[in-house]
Ligand SMILES: NC(=O)c1ccc[n+]([C@@H]2O[C@H](COP(=O)([O-])OP(=O)(O)OC[C@H]3O[C@@H](n4cnc5c(N)ncnc54)[C@H](O)[C@@H]3O)[C@@H](O)[C@H]2O)c1
Ligand SMILES: [Zn+2]
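Numbering (this note's numbering), first residue to last: 100 to 454.
Below, the structure is given as structure tokens:
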């Protein structure tokens, strides 16, 4: 497996490195090249970051989870950095899951009008998805990720050794984004996963690295072609939102408490696959294959809120939707997605009652 990826696009300049037991060295190397380094660390991560003699590295530890992606989380982190004399020559390194990465990226893109930043994702979900592509931001009471920027990290280090301490529930959450990438783009990858998922969920090194690599390549393919989600065709970055129209609404409804992100989008993917089948786009054979796979690996597939009248109102608040229409990125077979299907709110309500 290729263990170093360089992505160079006119706008996108991120170096992605997949390397085991490399976090300490990665930070040290950045510290050698920069005046001051602020490591923002998820408090749950136990790694050796004892940079005694290197006084240009400051560690800021914070409690993470969805609750940190708020106005308050933004204010606290930004003010802590300012209080510690962050300046234009400083860089930020976020070491944590997707919530920390999204928050720190947003802070980095706005603090002093933008500072260089690096990501060291520590959950499977953040290694296969959220650390790639430069989307970051925070939630508001009206919905998820409603405040944010597109801002690419300078570098991303994927180090699977950090996943050892990750609870199984979070490993499965990350797997949800991996299977999403297969479902929207790569039938062969889906078949490979059908064989390898057990190994992957048990953190087998080579299986994990291959799955992470493949996932990143699928995501990058969309990001490079459509960094800011402008395209209106099959190459649109919006394809990565498969399962997310429903998933984000579920997360929002339960105030991010009942389900983690992967669980919510798992329910979202199955529901959107059913919508796709209902509309005659996805065959029942493919739908059943997907459901069987999800059940086998204990990915969530349903929640009672789906048939509740108020659920469609939450759906219309998604940033992709307006005029009572709801946009879905659907799949028309395993490994192939189709651009937004605009459905009327009442139509969605009716479909949700039937599936
Ligand atoms: N920016 C993007 O493109 C993008 C893409 C997908 C998801 N996301 C966002 O990512 C977020 C979800 O990310 P997540 O699943 O990483 O959640 P998370 O950051 O909340 O991490 C999950 C839990 O694991 C803990 N944790 C992190 N690393 C650990 C480790 N190595 N060992 C033990 N515990 C650890 C965290 O403290 C947290 O309790 C959501 O907010 C979602 O919207 C963003
Ligand atoms: Zn997601």
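Where is the CB? At the ideal position from N, CA and C, for every residue including glycine.
Alpha helix (DSSP H) segment containing residue i, residue limits
i	result
residue 383	383-395
residue 289	286-300
residue 197	197-209
residue 325	It is not in any alpha helix (DSSP H) - residue 325 carries neither H nor E in the DSSP assignment.
residue 170	170-182
residue 344	343-352
residue 150	Looking at the DSSP string, residue 150 is not in any alpha helix (DSSP H), and its letter there is neither H nor E.
Buried or exposed by the 16-neighbour rule on C-beta atoms within 10 Å, applied to residue i
i	result
residue 204	buried
residue 305	exposed
residue 379	exposed
residue 187	exposed
residue 410	buried
residue 226	buried
residue 359	buried
residue 281	buried
residue 301	exposed
residue 142	exposed
residue 275	buried
residue 134	exposed
residue 162	exposed
First through last residue of the beta strand (DSSP E) which encompasses residue i
i	result
residue 114	112-117
residue 364	It is not in any beta strand (DSSP E) - residue 364 instead sits in the alpha helix (DSSP H) that spans 360-377.
residue 439	435-443
residue 156	156-161
residue 415	Counting along the chain, residue 415 falls outside any beta strand (DSSP E), though it belongs to the alpha helix (DSSP H) covering 408-415.
residue 245	242-249
residue 256	254-257
Straight-line Cα distance separating residue j from residue i
i	j	result
residue 113	residue 408	43 Å
residue 349	residue 404	8 Å
residue 233	residue 248	8 Å
residue 283	residue 436	5 Å
residue 121	residue 396	30 Å
residue 255	residue 347	25 Å
residue 389	residue 432	10 Å
residue 365	residue 278	9 Å
residue 444	residue 154	57 Å
residue 426	residue 375	12 Å
residue 158	residue 231	23 Å
residue 191	residue 285	34 Å
residue 357	residue 242	16 Å
Check your understanding: Would you say the segment 368-381 touches the segment 437-454, given that touching needs at least three Cβ pairs under 8 Å?
Key -> yes
Check your understanding: Would you call the segment 326-335 and the segment 290-301 touching, i.e. three or more CB-CB distances under 8 Å?
Key -> no
**Study point:** Cβ contact check for the segment 388-402 and the segment 336-348: 3 or more pairs under 8 Å
**Key:** no
Check your understanding: Is it a yes or a no for the segment 313-323 touching the segment 207-220, going by three-plus beta-carbon pairs under 8 Å?
Key -> no
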